[in-house]
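Enquirer:
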Amino acid sequence: MTQIYPEPTVGALIINNKKEILLVKSHKWLNNKYSVPGGHVEIGESFEEAIIREVKEETGLDIVPKRLFMIQECVQPEEFFKKKHFIFFDYICKTNDRHVSLDNKELQEYIWIKIQDINEENLESYTKNMILKFKEDRDLNSEKVYLIKK
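Given below as structure tokens:
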């Protein structure tokens with residue numbers, strides 16, 4: 035089926051109570067680099083409802099979205115497994131849990147890592163944008179939203 039309109043999707047930059055960030059690998063990103071959990075927004079669903087649902091489905095984690103952090107335009111990225119046009123609504127989220135369950139076959143690997151230990155070269159480009167901005171920002175409750183256009 036040919037995509038007619040851009041697809042709104044949500045991504046979660048999840049921080050646990052040890053101030054570690056969850057990074058994941060998915061077969062959908064062809065370069066074998068880390069990204070963050072997330073996915074499409076269903077009809078009738080708010081962005082926050084979507085991010086809570088997607089993270090639960092993909093990782094088993096319960097999260098609290100703290101703020102909309104970044105909006106990114108993603109037009110047919112070469113690193114994605116098929117040609118799509120996404121608009122990423124990226125949220126900073128908190129969790130008190132560290133137990134990740136990768137039962138749905140969408141994600142193949144995960145790590146919890148301190149932000150200062152992240153090597154940006156191991157991140158897919160949209161996650162890299164988010165991590166670099168978060169290193170500058172780090173305010174969980176700010177109203178500031180970054181817009182990145184490619």
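All residue numbers for the sequence shown refer to this note's numbering, where the first residue is 35 and numbers rise by one. From the three backbone atoms N, C-alpha and C, an ideal C-beta is built for every residue, glycine too. For clarity, every value in this text was computed on a predicted model and none was experimentally measured.
Measuring alpha carbon to alpha carbon, tell me which residue in I38, I182, W146 is nearest I48.
Expert: When each option's Cα is compared against that of I48, the closest is W146.
Enquirer: Quick one, are the C-beta atoms of P71 and V44 less than 7 Å apart?
Expert: No. Outside cutoff.
Enquirer: Near I185, what residues of its chain come up, given a Cβ to Cβ distance below 8 Å and the 5 sequence neighbours on each side ignored?
Expert: With the chain running from 35 to 184 in the structure shown, residue 185 is simply not present.
Enquirer: Going by DSSP, what residues sit across from M104 in a beta bridge?
Expert: Looking at the DSSP assignment, M104 forms a beta bridge with D124, Y180.
Enquirer: Cβ atoms of F103 and I126: under 7 Å apart, would you say?
Expert: Cβ atoms of I126 and F103: closer than 7 Å.
Enquirer: Kindly list the residues whose CB is nearer than 6 Å to the CB of L141, restricted to its own chain and excluding five residues on each side of it in sequence; keep chain order.
Expert: Excluding residues within five positions, the ones whose Cβ falls inside 6 Å are V58, S60, E92.
Enquirer: So what's E92 in DSSP terms, helix, strand or just coil?
Expert: Residue state, collapsed to three classes: helix.
Enquirer: Is DSSP giving L196 helix, strand or coil here?
Expert: Because the chain is modelled from 35 through 184, residue 196 falls outside the range shown and cannot be assessed.
Enquirer: Could you give the C-beta distance for K53 and K148, rounded to a whole number, given that I count them as a contact under 8 Å?
Expert: Their Cβ separation, rounded to whole angstroms, is 7 Å, which keeps K53 and K148 in contact under 8 Å.
Enquirer: Going by C-alpha to C-alpha distance, which of A84, D96, K116, N51 sits closest to W63?
Expert: Comparing Cα positions, the closest option is K116.
Enquirer: So S135 packs on G94, CB below 8 Å; how close in whole Å?
Expert: Confirmed, about 3 Å.
Enquirer: Using only alpha-carbon positions, find the residue among Y160, H74, E82 that is nearest to K128.
Expert: Ranking the options by Cα distance to K128, first place goes to E82.
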